[in-house]
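This report concerns only the one structure given below.
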Amino acid sequence: MSELEEIPQCGTGNEYDGRMGLRISAIFVIGFGSMFGALFPVLAARSKRMRIPKSVFFVAKYFGSGVIIATAFIH
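Numbering-wise (the working numbering), the sequence shown opens with residue 289 and increments by one.
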């Protein structure tokens, strides 16, 4: 019966360091980066000062569509 009562001395191997501040700040960095990436084309297309050729928007739009479709196929 004493064999059943022994507690294994194995380590868990988990050296978790949460760094909660970095995780929370990463959410905001990703959010602001996404917001910039989504709003820049809209604002650039409406702005008269920024002369971005329509072909650039065309290529970027279809490149983004290809990324979304490829992600859908992978998942």
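A virtual CB, placed ideally from N, CA and C, is assigned to each residue, including glycine.
Subject >> Runs of alpha helix (DSSP H) wholly within the segment 317-345 (minimum 4 residues, chain order) >> reply: The qualifying runs do not exist here; there are none.
Subject >> Assigned secondary structure, Arg307 (DSSP; H/G/I helix, E/B strand, else coil) >> reply: Coil.
Original post:
Do Pro329 and Phe345 have their CB atoms nearer than 8 angstroms?
Top reply: yes
Subject >> Cutoff 7 angstroms; reference Gly354; Cβ partners in own chain excluding five residues on either side >> reply: none
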